[in-house]
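Numbering (our numbering), first residue to last: 125 to 627. Where a beta carbon is used, it is the ideal one built from N, C-alpha and C, also for glycine. To start, the structure under review is shown below, and the notes come after it.
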């Protein structure tokens with residue numbers, strides 16, 4: 125019996141160890157309880173970051189204990205920014221516009237405390253906080269709904285284990301209004317995920333591992349291409365930083381996927397492709413001599429300023445704001461765009477209403493000017509026609525006076541100056557004016573004016589129908605939002621019950 129009891133007790137101890145191992149890295153999103161538990165306090169952040177940047181994992185373990193792989197840094201964090209399972213990140217003081225690269229990076233100034241994000245403009249912003257993610261975690265950055273509601277489309281950011289530095293986030297203003305970006309305003313949500321096991325790969329800046337090289341001997345059946353390959357490296361300056369030729373060996377250092385693609389372009393033969401595969405395998409399996417972990421090179425690592433990542437970017441061929449100004453589309457095209465892209469963003473769906481306002485304030489005035497411009501020449505023509513008619517009457521009287529000899533009876537001295545030629549001249553001018561008024565294609569008629577008004581009313585009616593349809597879409601969005609809020613409430617309740625069970 126004693127031996128059986130010993131076996132049972134031994135089995136229990138083994139199971140408890142196994143449970144502890146599984147519980148140590150159970151995976152899932154960190155709750156606010158774990159976020160507060162594992163965040164490095166402000167007074168310890170400097171010491172932690174110094175060792176973290178050096179990848180001195182053993183020293184971190186000695187100084188901060190076995191739990192170092194689960195400790196993370198949010199430099200300058202605000203306790204009010206913690207949510208039930210995330211942390212709200214704040215806008216930094218630097219903005220880079222994709223459409224205006226010549227302006228370089230905007231920075232906050234006393235006389236310019238915020239950045240004006242224009243309609244259609246895409247920018248890259250930097251976070252106020254510096255983040256350090258341990259080997260046992262990964263993270264993502266999601267948009268906050270209050271920014272989406274204003275008409276800002278924002279990219280999601282993936283953060284790898286062992287990352288440290290500030291974060292760059294792209295956002296576009298898809299609303300018709302200028303939006304003010306205030307440094308310090310919460311704009312994105314950071315979620316941390318616990319991995320099933322800590323990552324065996326460390327991120328490094330290339331400058332920090334320049335002294336590390338992996339030798340890959342060139343097969344004898346490829347040595348005839350050495351001279352040509354040396355010229356190929358000379359023409360590819362970026363590849364030359366990570367790959368060099370020495371004797372019959374290629375020495376690689378921090379090679380990345382795009383470098384492998386460049387190497388494959390050197391020769392299309394199967395032998396060369398096989399050799400390039402060997403190069404890729406050699407580097408991906410290589411381990412740092414001190415940390416004994418694999419290496420991935422990331423130049424954005426340790427980013428403190430936006431200029432660190434945008435200074436070498438090529439922005440040729442990008443669309444600029446001045447290139448799209450003045451472009452127009454029909455009301456039907458605009459309505460289709462609003463219906464298609466307005467589903468997640470209710471502000472987009474209100475674009476047709478702004479078009480109606482513009483039509484009433486600008487287009488109607490243009491139509492009125494056009495009508496007035498067409499009226500003026502017709503009024504002049506009518507005036508000449510009336511004067512011509514009066515002149516014709518006077519000419520008839522003058523001719524009658526001359527032919528019938530009624531000058532003594534009428535006693536109108538002025539009529540004595542008219543003659544037959546004057547009569548026919550005035551008759552021709554008057555007839556021409558009347559015919560011009562009658563048969564002019566641009567004559568002002570009631571039907572023409574009514575047609576203009578009818579066309580205007582038809583356009584307004586069509587736009588109003590589109591707006592009604594988009595209003596229905598907005599109502600559906602509100603229902604979906606209510607459903608989302610209900611699901612979130614259920615999630616919070618479930619989380620509370622889970623916490624109670626854990627206790």
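For residue 424, same chain residues with a beta-carbon under 8 Å away, outside a window of 5 residues either side, are 289, 292, 432, 433 in chain order.
Annotation: the continuous alpha helix (DSSP H) that includes residue 169 extends over 169 to 177. In the structure shown, residue 255 falls within a strand segment according to DSSP collapsed to helix, strand and coil. As computed with DSSP, residue 230 is found in a beta bridge with 219. Restricting attention to alpha helix (DSSP H) runs no shorter than 4 residues, the segment 306 to 390 encloses them at 350 to 359, 361 to 364, 381 to 388, ordered along the chain.
Looking only at 337, 327, 389, the smallest Cα-Cα distance to residue 256 is reached by 327.
Residues 417, 418 of the same chain have their beta carbon placed closer than 7 Å to that of residue 411, with the five preceding and five following residues left out of the count. DSSP places residue 404 outside any beta strand (DSSP E); the residue lies instead in the alpha helix (DSSP H), whose first and last residues are 394 to 409. Residue ranges of uninterrupted alpha helix (DSSP H) with 4 or more members, entirely inside the segment 240 to 295 and ordered along the chain, are 269 to 273. Rounded to whole angstroms, residue 601 and residue 203 show a C-alpha spacing of 32 Å. Distance between residue 220 and residue 303, taken at the CA atoms: about 15 Å.
The beta carbon of residue 261 sits closer than 8 Å to the beta carbons of 154, 194, 196, 285, 316, 317, 318, 319 from its chain, once the five residues preceding and following it are set aside; these are given in chain order.
Contact between residue 253 and residue 198 holds, since their C-beta atoms are separated by about 5 Å, short of 8 Å. When the alpha-carbon of residue 420 is set against those of 364, 380, 246, the nearest one is in 380. In the DSSP assignment, residue 164 falls outside any beta strand (DSSP E) and carries neither an H nor an E.
Residue nearest to residue 415 within the set 422, 324, 356, 246 is 324 (criterion: CA-CA distance). Counting only residues of its own chain and dropping the five nearest sequence neighbours on each side, residue 308 has a CB closer than 7 Å to the CB of 214, 215, 252. Scanning 207, 587, 359 for the CA closest to the CA of residue 159 turns up 207. Judged by their CB atoms, residue 245 and residue 223 are nearer to each other than the 8 Å cut-off. Inter-residue distance for residue 192 and residue 305 is about 36 Å (C-alpha atoms, whole angstroms). In the structure shown, the three-state DSSP call for residue 235 is coil. Note that the C-beta distance between residue 340 and residue 376 is below 8 Å. Boundaries of the beta strand (DSSP E) harbouring residue 419: 418 to 421, taken from the DSSP string.
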